[in-house]
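> The sequence shown runs 12 to 284 under the working numbering.
The beta carbon of each residue, even a glycine, is placed where N, CA and C say it ideally should be.
Being a predicted model, the structure only gives us computed values, none of them experimental.
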Amino acid sequence: MKYLITIVSCVLIIYLISSCRSTKKLQTAISKKDTQLVISPTPVKTDSLKNAFDILKSLEKNRINFTTFSAKIKVQYEDYKGKQPDFNAFVRLYKDSVLWVSINATFLSIEAFRILITKDTIIILNKLNKQVEYHPFNYIEDIAHIPLTFATLQDLIIGNPIYVSDSIVSYRQTENHVLLGTVSEFFKNLLTISADNNLLERSKLDDIDVGQNRTADLSYGEYEKNNGFYFATYREITVAEKTKVDINLNFKQYDFNKELSFPFSIPRNYKTK
12 MKYLITIVSC VLIIYLISSC RSTKKLQTAI SKKDTQLVIS PTPVKTDSLK
62 NAFDILKSLE KNRINFTTFS AKIKVQYEDY KGKQPDFNAF VRLYKDSVLW
112 VSINATFLSI EAFRILITKD TIIILNKLNK QVEYHPFNYI EDIAHIPLTF
162 ATLQDLIIGN PIYVSDSIVS YRQTENHVLL GTVSEFFKNL LTISADNNLL
212 ERSKLDDIDV GQNRTADLSY GEYEKNNGFY FATYREITVA EKTKVDINLN
262 FKQYDFNKEL SFPFSIPRNY KTK
């Protein structure tokens, strides 16, 4: 399971979002500025509500629509044990169909894991231990206890907003940002959006069930325009499981709508785990 969490951290952040169990330590770990961004229970005024819906429409216009996507991602990971070795993740994605990931340990200069995910199946090749794992896609749902679709997963990788609903509970505009709070079936989502270009800068997710205390903080930055879309080439994710976990994703290379292959073969000498 430890390997699964580490591998999937670069492409299945949703797993960490869903499985984390925060404690009071988390409250001090997250920046004090969060105390200024608490979703207000006060109903949004009518004029503000119209502005809020306009912002949601702008977010939708900025959504990246694609056929294929590939990237090289430098992943930095730090948990309660301290900073872990960096690794590179090579990602290939065919929209609504298949996700292929190769994990390369930079300190060993070898491919450590290869992952193939479809709408039905997750296959993990552990090349270090010569093992293969098979899981149904809903394996993540069973762990997370929330519905998860392939579409949500690919939005997370591409940088499209996730768990955003049209149930708006708060709206505030500053000189540089719009702070928009929405509530879905599972999460309260506090969005920080640039006032200049309506690009998403931050998404703070809190479990709607206070008994779960699940939380995650996703930041998006260093946007570049590619194929008519704005793509965030740098992401920061903070999640918690008793203590804070930080994940940085730096997209070194990326392409949209190029022809891709998804090589995946299982050696005969690999044991099924």
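To the nearest angstrom, how far is it from the Cα of E170 to the Cα of E152?
The residue labelled residue 170 in the question sits at position 159 within the sequence shown. The residue labelled residue 152 in the question sits at position 141 within the sequence shown. Before going further, note that residue 170 is Gly rather than Glu in the sequence given. Spanning the two alpha carbons is a distance of roughly 21 Å.
> Going by DSSP in three states, N76 sits in which element: helix, strand or coil?
Mapped onto the sequence shown, residue 76 falls at position 65. Annotated three-state conformation of N76 is coil, per DSSP.
> Over what stretch of residues does the alpha helix (DSSP H) that includes A162 continue unbroken?
Translated into positions along the sequence shown, residue 162 becomes position 151. Residues 161-169.
> Give me, in chain order, the residues of the same chain whose beta-carbon lies closer than 6 Å to that of F275; leave out the 5 immediate sequence neighbours on both sides.
As a first step, residue 275 is located in the sequence shown; it is residue number 264 there, counting from the start. So the list reads L127, once near-sequence residues are dropped.
> From what residue to what residue does the beta strand (DSSP E) around E235 run?
Here residue 235 corresponds to residue number 224 of the sequence shown, with the count starting at 1. Counting along the chain, the beta strand (DSSP E) containing E235 begins and ends at 226-237.
> Three Cβ pairs or more, each shorter than 8 Å: is that satisfied between the segment 263-270 and the segment 74-90?
Flag = yes, the segment 263-270 and the segment 74-90 touch.
> Would you call the segment 225-236 and the segment 55-75 in contact, with 3 or more CB pairs under 8 Å?
no
> With a cut-off of 8 Å, do at least 3 Cβ pairs link the segment 89-98 to the segment 190-198?
As far as the Cβ criterion goes, the segment 89-98 does not touch the segment 190-198, which means the pair count is below three.
> Does the segment 101-120 come close enough to the segment 179-191 that 3 or more CB-CB pairs lie under 8 Å?
no
> With 16 as the cutoff for other CB atoms within 10 Å, does V221 come out buried or exposed?
Here residue 221 refers to the residue found at position 210 of the sequence shown. Its Cβ having fewer than 16 others within 10 Å, V221 is exposed.
> State the DSSP-derived secondary structure class of L60, mapped to helix, strand or coil.
Working through the sequence shown from its first residue, we reach residue 60 at position 49. Reduced to three states, the DSSP call for L60 is helix.
> With C-beta atoms as the reference, is I133 less than 9 Å away from F124?
Mapped onto the sequence shown, residue 133 falls at position 122. Mapped onto the sequence shown, residue 124 falls at position 113. Not closer than 9 Å, so no.
> Report yes if the CB atom of D107 is closer than 9 Å to the CB atom of K85, and no otherwise.
In the sequence shown, the residue the question calls residue 107 occupies position 96. In the sequence shown, the residue the question calls residue 85 occupies position 74. No.
> Tell me where the beta strand (DSSP E) around V221 begins and ends.
Numbered from 1 along the sequence shown, position 210 holds the residue referred to as residue 221. Segment: none, V221 is in no beta strand (DSSP E) and carries neither H nor E.
> Would you call the CB atoms of E122 and T283 closer than 9 Å?
Counted from its first residue, the sequence shown places residue 122 at position 111. Counted from its first residue, the sequence shown places residue 283 at position 272. Taking the C-beta atoms as reference points, T283 is found no nearer than 9 Å to E122.
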